[in-house]
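Just below is one structure, and these are the notes that go with it.
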Amino acid sequence: MNTRAPSGVSLLLRSRLVVFNTLSREKEPFVSLRRGKVQMFVCGPTVQDYIHLGHARTYIFYDVVARYLTHLGYKVRFVLNITDVDERITDEAKRTGMTPFALARKYSRAFVEDMARLKADTICRFEPVSKYVDKMIEQVSLLIRKGHAYAVDGWVYFDISTFPNFGKLSHQSSRELSLRPLELSIWKRNLLDFSLWHPRTLVEGKWDSPWGMGSPSWHIQDIAVTASLLGPQYDLHGGAYELIYPHHEAEIAEAESLTSLRPFVKYWVHTRLVNIKGEKMSKSSGNVYTVRDALRSYSVNQIRMFLLSRHYRRDMDIRGIDSAAKTYNRLRGMAEKCRRAVGAASKEYDEESLQHFCDAMNDDFDTPLALRALGEGLVSTSNTRSATAAARKLASIRLATSILGVDLGLG
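So the sequence shown is numbered by this note's numbering: it starts at 131 and just counts up by one.
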């Protein structure tokens with residue numbers, strides 16, 4: 131996959147990448163922490179079952195983000211965790227008669243397979259959180275020593291009173307937060323304190339710790355992975371919007387309390403939902419359409435076209451998949467006619483065609499507008515009399531499709 135910007139083409143003369151940052155609630159110019167490099171992390175699935183199209187939307191979007199950043203010349207390191215330590219896994223294992231670890235391994239493998247089938251090629255590392263439990267214990271111990279956490283009866287809790295900025299990502303006041311307590315427990319000092327370590331009675335785990343046998347809480351898991359692979363600060367953290375509070379809010383409190391470095395993450399980017407008949411797709415409600423279900427009826431390219439057909443900060447409904455599949459088929463047919471008429475695409479690019487695509491992507495990764503630019507580019511190519519000019523336009527379209535991961539058969 132070659133998505134780097136072609137040499138000699140000034141793609142960013144008229145626009146520059148801006149990204150909507152959940153932390154500021156504004157579109158901000160994208161400037162990486164280290165010149166020419168981007169480190170990004172995305173919260174992966176809890177592997178209790180096969181992933182559905184709601185999950186896939188998130189991961190395919192960030193795959194396109196990584197492809198586009200690579201196109202802009204960045205060297206991208208994209209890490210995605212796999213939550214294989216969780217009460218929901220234990221509950222599902224009991225229901226099926228499997229051990230939690232066997233169940234997690236089964237669906238971890240299935241997830242990686244599904245990502246490969248969906249051409250999510252930019253993910254550098256799929257990291258099971260169970261590999262990092264020692265790091266989690268180290269971090270929890272340090273939080274206790276620094277006065278940000280406390281242990282009681284096998285539990286460890288983060289003391290929210292030591293982090294006055296709690297709520298800054300979700301933009302909630304102290305009063306608003308008090309109406310949304312995270313966990314009910316007689317052991318907690320403050321209503322909003324959240325657990326970092328659970329006793330063994332909650333989740334089947336085999337980890338010894340200074341607080342007894344137990345397992346790490348969900349909120350501590352991701353920062354152990356990122357601290358190990360990306361360091362104390364990195365560029366972009368992604369995930370579904372429902373993770374903003376409490377999960378990502380808790381990550382900020384933990385990480386910034388551990389290191390005193392702010393911001394822990396420069397850009398927080400969150401995707402919205404895929405609904406079925408207006409309701410959130412979720413396993414808990416039995417309202418799911420898995421990737422494997424979708425692949426029985428639609429091609430990978432049609433699925434990617436669907437998932438990119440709505441701006442990532444807007445909800446979408448599964449009923450749009452048929453329309454997206456038809457749009458893909460139409461564009462594929464147009465591309466085939468252009469290819470037959472023009473012949474091989476040029477090794478040079480049409481700057482204007484690429485600029486329309488980049489203008490869309492530079493405006494907070496506007497993939498629906500980028501897809502529209504593809505269609506307009508194909509129409510323009512078919513109406514171009516000069517074979518040389520048409521070949522350049524076709525080369526530009528081919529590059530754009532490689533960034534979106536939607537193959538129109540242009541080679």
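A virtual CB, placed ideally from N, CA and C, is assigned to each residue, including glycine.
Check                                                                                                      : Outcome
Neighbourhood of E409 by C-beta, 8 angstroms cutoff - its chain only, sequence neighbours within 5 removed : S415, N417
Segment contact flag, the stretch 274-286 with the stretch 201-213, C-beta cutoff 8 angstroms, min 3 pairs : no
W285 vs W317 beta-carbon contact at 7 angstroms                                                            : yes
Backbone secondary structure at M228 - three-state DSSP                                                    : coil
DSSP three-state assignment for L529, whether helix, strand or coil                                        : helix
According to DSSP, residues forming a beta bridge with E409                                                : I406
V395 - DSSP class collapsed to helix/strand/coil                                                           : strand
P258 - DSSP class collapsed to helix/strand/coil                                                           : strand
Selected residue, minimal CA-CA separation from L529, among G297, Y458, G541, V172                         : G541
Reference V177; option with closest CA among R422, S390, S315, K236                                        : K236
Simplified DSSP assignment, three categories, for D493                                                     : strand
Coarse secondary structure for G344, derived from DSSP in three states                                     : strand
Extent of the continuous beta strand (DSSP E) to which Y544 belongs                                        : The chain is shown from 131 up to 541; residue 544 falls before or after that span and cannot be answered.
Beta-carbon gap between E381 and D352 smaller than 7 angstroms                                             : yes
For R434 and L538, believed in contact at Cβ under 8 angstroms, the rounded distance                       : About 12 angstroms; that fails the 8 angstroms criterion.
Beta carbon of V172 nearer than 7 angstroms to that of G361                                                : no
CA-to-CA distance, R522 to Y428, given in whole angstroms                                                  : 31 angstroms
L299 in three-state terms, based on DSSP                                                                   : coil
Residue environment, T220, which counts as buried when at least 16 other CB atoms sit within 10 Å          : buried
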